[in-house]
Amino acid sequence: MSGQNSSVKTTAELQIIPRAEHNISRKDISKNALKVLYRLKDAGYDAYLVGGGVRDLLLGLKPKDFDIVTNATPEQIKKCFSNCRLIGRRFRLAHIVFGREIIEVATFRGHHEADADSPHKSDDGQLLRDNVYGDIDEDAERRDFSANSLYYDIKDFSIRDYWGGVAAIANREIALIGDPETRYREDPVRMLRAVRFAQKLDMQITPRTAKPIYKLAPLLQNIPKARLFEECLKLFLAGKGLDTYKSLIEFGLFQQIFPNLTESVKSENAAYQLMCIALRNTDTRINNELRVTPAFLFAAFLWHEMEQACEHYQAQGMPAQDALHTAASAVLDGGQYNVTIPKRFSTTIRDIWALQPRLEKRAGKRCLKLLEHPKFRAAYDFLLLRAEIAQGEQAAELNSIASWWTELQQSDAGKQTNLVNELSNNSEKRPRRRRNNNRRPYNKKRRSNSTQADSNE
Ligand code: ATP
Ligand code: MG
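Just so you know, we're using this note's numbering here: the sequence shown kicks off at 565 and counts up by one.
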């Protein structure tokens, strides 16, 4: 964490940085964002690029998106653009739609008057409403970090800096505007954002901004689970997932999102190791511009819990496959963690889990069919991770199975048939695993059929 001479200001003090003194060039701003800025200016309004767009350009990075603020009301904005959609009920925002790119335009937000009849804060200090229009000074004050509170003025290409944001960026500091405890109470997600920006931008959270997090982390319990899921995607799928995860653990924030994993992260057990390598794997894929699915990560986060539940159901006499499905439902739907995993991802998580025993078993010719399963690749990658953290005898077994699947994928049709045949020849010599004793008669039958079919090949 950075030293005492932090750049953070305790009161607003406007500094205007003229174009000649900063590096933001219009050629680095999206054409569509520029169109919106100019159109608003030409209609007589103030219009600024704000937030992450300005911050990232100052850092020489490519912004994820470009947000704009203006003194025009949403209705006035709508009149300027035929491609404008107004969204949000509480605080209306304008989306200007250019094919796949959407430029978000907001009206300056202001402060609420103290109103005892209709308080805008909860007992915990959380903002319940944030729907008052204001001017640029107020808008700057209600933003989270000084580095996120910079305004690029389309009139003269200068930057307006009220809270020492330019200095914070130069010093690589993440510093909350205002009293940190109050600001975290207003919106506890700011604690996650502090960690996210520090990791993503390789910056330090100032001691003053870091200190209250340890105490206030439990306030994340008040955040809707769907919002926390969205935050998790930003935290873990931005290419710095592993470092972010470790920092979240250090601040006690991860444990609030996944209370069921608290013991694992404390003891750094196998579940923790699996999370680490799943995040490392995801980071590598993102940094190589390969596709990733959050389902893979969540499958890793919750795998050991599912496995334990599965063993529990099997010990009660449930057949292996049923036990796995029951355990998956118990873990995914059991509400043990504070995010809502949308159905489209939980279905994939189930698939990844359900394919693990099938990959391990390598049931003869059916292996070739398995290669065509839409989630085969994710399940295979997952098996590789499990092999990597396995120990002793299990490590040897999983690694040999994983290598076999690697070879199968890399082989032509003839070699694939040989590999599968060798397998069934070997399995005839191999004693059956005890786990199969739990299987239902119809499973036994199917298994013996397939073995026969395989040996007929
Ligand atoms: P990135 O898009 O790279 O993740 P960003 O800073 O643009 O980073 P957004 O979530 O897109 O983050 O938000 C845009 C801006 O809105 C921020 O820069 C900040 O000024 C403001 N903002 C967003 N969330 C909050 C919040 N919870 N509290 C206060 N201000 C916020
Ligand atoms: Mg943004």
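Backbone N, C-alpha and C fix where the C-beta goes; we use that ideal spot for every residue, glycine too.
- DSSP places His-659 in the strand class (E or B) of the three-state scheme.
- The beta carbon of Phe-862 lies closer than 7 angstroms to those of Ile-905, Phe-909, Ile-913 in the same chain, with the five residues before and after it left out.
- In the structure shown, the three-state DSSP call for Phe-709 is strand.
- Rounded to the nearest angstrom, the Cβ distance from Ile-787 to Val-753 is 6 angstroms, consistent with a contact under 8 angstroms.
- For Leu-613, same chain residues with a beta-carbon under 7 angstroms away, outside a window of 5 residues either side, are Ile-593, Ala-597, Leu-601, Phe-630, Ile-632, Tyr-716 in chain order.
- With 16 or more neighbouring CB atoms inside 10 Å of its own CB, Leu-972 falls in the buried class.
- For the pair His-586 and Lys-595, the Cα-to-Cα distance works out to about 20 angstroms.
- By the C-beta criterion, the segment 834-842 is judged not to be in contact with the segment 768-785, since fewer than 3 inter-stretch pairs fall below 8 angstroms.
- For Gln-973, the enclosing alpha helix (DSSP H) has its first and last residue at 956-974.
- Taking the Cβ of Ser-713 as the reference point, at least one heavy atom of the ligand ATP falls within a distance shorter than 7 angstroms.
- Relative to the Cα of Ala-711, the nearest Cα in the group Ile-718, Ile-738, Ser-722, Asp-687 belongs to Ile-738.
- Under the three-state reduction of DSSP, Glu-665 is assigned to strand.
- Restricting attention to Ser-975, Pro-921, Lys-929, Glu-936, the CA atom closest to the CA of Ile-965 is found in Pro-921.
- By a beta-carbon distance limit of 8 angstroms, Val-759 contacts Leu-812. Their separation comes to about 6 angstroms.
- Under DSSP, Ala-611 shares a beta bridge with Thr-634.
- If you check the CB distance, Ala-873 and Ala-894 come in under 8 angstroms.
- Judged by DSSP secondary structure, Gln-579 falls within the beta strand (DSSP E) whose first and last residues are 579-581.
- Listed as beta-bridge partners of Arg-673 by DSSP are Tyr-697.
- DSSP places Tyr-901 in no beta strand (DSSP E); its state is neither H nor E.
- Cys-648 is bridged by DSSP to Ile-660.
- Along the length of the segment 789-851, whole alpha helix (DSSP H) runs at least 4 residues long occupy 789-800, 805-814, 818-821, 826-831, 834-851, reported in chain order.
- Taking a C-beta distance under 8 angstroms as the contact criterion, Trp-917 and Ala-892 qualify as a contact pair.
- If you draw a straight line from the Cα of Ala-607 to the Cα of Gln-640, it is about 10 angstroms long.
- DSSP places Leu-783 outside any beta strand (DSSP E), giving it a letter other than H or E.
- Taking C-beta atoms as the reference points, Cys-840 and Leu-806 count as a pair closer than 8 angstroms.
- Under DSSP, the beta-bridge partners assigned to Leu-714 are Asp-725.
- The beta carbon of Leu-987 lies closer than 6 angstroms to those of Arg-926 in the same chain, with the five residues before and after it left out.
- Distance between Glu-924 and Leu-962, taken at the CA atoms: about 7 angstroms.
- Collapsing the DSSP output to three states places Lys-628 in coil.
- Closest in alpha carbon position to Phe-865, among Asn-695, Trp-969, Cys-796, Phe-721, is Cys-796.
- Tyr-778 sits exposed, since fewer than 16 C-beta atoms from the chains shown fall within 10 Å of its C-beta.
- Annotation for Ala-887: Cys-874, Tyr-877, Gln-878 place their beta carbon closer than 7 angstroms to its own, counting only its chain and skipping 5 residues before and after.
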